[in-house]
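Structure first, then comments.
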Amino acid sequence: MTNVFSAVSPSRTTCGSLLLELQKIWDEIGEADSERDKMLQQLEQECLDIYRRKVEMTRKYKADLHQSLDSAEIEISGLASALGDNVFFSRGKGTLKQQLSAVKPVLEDLRLKKQGRMKDFLETQLQIAGICTEIAGTGHSMKPADPKVDEHDLTLKRLGELKAQLKELQNEKCLRVQKVNSNISMIHDLSVVMSIDFFKTVNDVHPSLIDSANVQSKSISNDTLARLTGVIHSLKQDKQQRLQKLQGLGHMLIELWNLMDTPIEEQRRWDHITTLISSSVDEVSRQGCLALEVIEQTEVEVERLNVLKAGKLKELVFKRQNELEEIYRGVHMDVDSDAARQILISLIESGNIDLSDLLISLDDQIRKAKEQALSRKEILDKVEKWKCASEEEKWLDEYEKDENRYSAGRGAHKNLKRAEKARTLISKIPSILENLTAKVKAWELEKGIPFLYDKAPLLKTLEEYAVLRQEREEEKRRCREQKRHQEQFAAEQEALYGSRPTVKKPLGQSNSTNTLAGTPTGRRLATPGRPGISSGKERRESRVLNVTPINYVALPKDGSASRG
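According to the numbering used here, the sequence shown is numbered sequentially starting from -3.
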């Protein structure tokens, strides 16, 4: 036993001294050695148990350190994966505490980074949820719940996607706010024009739309936009109907004014109504111009004028009849004015017909007459052209029979120019007749009735004119042929007798005078505008006249002979 205790190291002097003290006590007591051994074994066992527990505790602490280190590594890996960062760290080769101390800063940094990232995600998702709630239409009735952030995906890529989604929603919200404001502005404009309560109309759509100061509080939901669109559509229809009603009343006012010969000053009182007649819906923007009160006032005025109109309907009926007759006369159509007026007088005096219906019937006849006049216009234009050419043809015949047409009298050059134009126009008469005849036949085939011009069938008139003109042309041709034979006979007589009678000069004219003036007698008497006719030709004509036989009858020259 002594050897056992002597082996105790000096560091354990306290335990050894206690054993020595215990042994002294045993000696004093007289304790048996067996009991002493038993008590020492018990004491040793208790010490072993204490050491064993301490070792177990130390071993557990070591395992806990290993566990903490492994957990830290796992957490770092998880945080790095969630954050999308590439983290490089090493435990080192020191003790476990040294390794754990090396890992802790990295872990704390990642935890702080995760908190900041979670905050960004939460703010972004809150804004997204808020805008989605506003668009859904529940933003003013309940607060959106806090969104759940996915802690396993806190990467910048995911955060960027959420921010891009938020940006799109913000843009959509901005567009919706602009659309809401635009719709409200349009409702205001329509309300002003029609004198409608703007605030009540908008409040019925959504109460938040009235607060013009707080733009962010305005409802931008699909339902609000749809209701605003519906209100605008309804107001536009109402505006269209009111405008059409006022335009109809304006037309009635003008018709009644024309009938009643209303003074201009009185008509100007209703300029705000008559100016709407030619206006489109979008052009009408004056405040209160389409108010119900304005419509009621206009209806009252129209009703008042209608009461006064009854006395002038008779006068209006005859005025319409005159208009109808003028249309018919303007297009050379047959109309029996006396008979038509007698029928109207009989109908009015009998009292069996409503004068308004009679006016409508006359208006319908005027419309049909205008349509018929329009269908005749092209033919009538061609008739006028044909008549003009015919008149020019008659004038040219008379003009060419005048032997003094080439004299240097006053206005001779104007007649020459007119003759040239007349010949050009006359040359077109055959084509004019042909074209006009074709048009008349087509018209008659389409309408199924003959085309009358001043009570006579135009087609028959054209045919008769063509026959007469052909006869005149034949007569002119025979005259030209006879003239040519006469001139040929005169030339033969001149060649046979060879006589050259001298041209008799006018009194008071001498050769010296003609020479000094630089104008020979033959040239001075030549046809104006025809330099090809010389004095020799005039001498030949004089000889022809002198040698004409007694039984020869001279015919006056026509235009073709002079041209020949």
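We put the beta carbon where it would ideally sit given N, CA and C, even for glycine.
Apart from the 5 residues on each side of it in sequence, Ile180 sits with its Cβ closer than 8 Å to the Cβ of Val198, Leu205, Leu224 in its chain, given in chain order. Going by C-alpha positions, Ala438 is about 54 Å away from Glu292.
Residue environment analysis places Ile428 among the buried positions, since at least 16 neighbouring C-beta atoms fall within 10 angstroms of its C-beta.
At a cut-off of 3 residues, not a single continuous stretch assigned as beta strand (DSSP E) sits fully inside the region 261 to 307.
When the Cα atoms are used, Ala78 and Ala98 turn out to be separated by approximately 22 Å. Pairing Lys390 with Pro259, the inter-Cα distance amounts to about 53 Å. In the DSSP assignment, Leu448 is bridged to Pro453. Annotation: Leu454 to Asn431 spans about 13 Å, alpha carbon to alpha carbon. With 16 or more other CB atoms across the displayed protein chains lying within 10 angstroms of its CB, Ile269 is buried.
Taking a contact as a CB-CB distance under 8 Å, the pair Leu242 and Leu286 counts as one, their CB atoms being some 7 Å apart.
Distances from the alpha-carbon of Lys305 to those of Ile250, Asp66, His229 put Ile250 closest.
The shortest C-alpha to C-alpha distance from Asp353 to any of Leu320, Val313, Gln338, Gln263 is the one to Val313. DSSP places Asn82 in no alpha helix (DSSP H); its state is neither H nor E. Assigned with DSSP and collapsed to three states, Met256 falls in helix. A Cβ-Cβ separation of about 16 Å leaves Ile375 out of contact with Ile323 under the 8 Å criterion. Shown here, Ile349 sits in coil according to DSSP, grouped into three states, outside any helix or strand.
Under a 10 Å Cβ-count criterion, Thr120 is classified as buried, with 16 or more other Cβ atoms of the shown protein chains found around its own Cβ. Residue nearest to Glu416 within the set Thr433, Tyr395, Leu15 is Tyr395 (criterion: CA-CA distance). When rounded, the separation of the alpha-carbon atoms in Gln94 and Leu65 is 10 Å. A Cβ-Cβ distance of about 7 Å is found for the pair Ala385 and Lys424, placing them in contact under the 8 Å criterion. Judged by their CB atoms, Leu301 and Leu252 are nearer to each other than the 7 Å cut-off.
With fewer than 16 neighbouring CB atoms inside 10 Å of its own CB, Tyr57 falls in the exposed class.
Less than 7 Å separates the beta-carbon of Leu245 from that of Thr294. Burial of Leu231 is indicated by the presence of at least 16 other C-beta atoms within 10 angstroms of its C-beta. Inclusion of Leu61 and Leu92 in the CB contact set at 7 Å is warranted, their separation being smaller than that value.
When rounded, the separation of the alpha-carbon atoms in Glu440 and Phe447 is 6 Å.
Here Glu289 has Ser191 as same chain residues with Cβ atoms under 8 Å from its own Cβ, once five neighbours each way along the sequence are excluded. Taking C-beta separations shorter than 8 Å and ignoring five residues to either side along the sequence, the partners of Leu239 in its chain run Leu272, Ser275, Val277, Val280, Leu286, following chain order. The Cβ atoms of Asp116 and Leu152 lie no closer than 7 Å to each other.
With contacts defined by Cβ atoms closer than 7 Å, Val176 and Lys214 form a contacting pair.
A residue is called buried once 16 or more other Cβ atoms fall within 10 Å of its Cβ, and Lys383, having fewer, is exposed. Taking the C-beta atoms as reference points, Leu171 is found no nearer than 7 Å to Gln123.
With fewer than 16 neighbouring CB atoms inside 10 Å of its own CB, Ile70 falls in the exposed class. Residue environment for Thr220: buried (at least 16 other C-beta atoms within 10 angstroms of its C-beta). Take His184, set aside five residues on each side of it, and the residues of its chain with a beta-carbon closer than 6 Å to its own are Phe194, in chain order. Between the alpha carbons of Lys472 and Leu340 lies a distance of about 55 Å.
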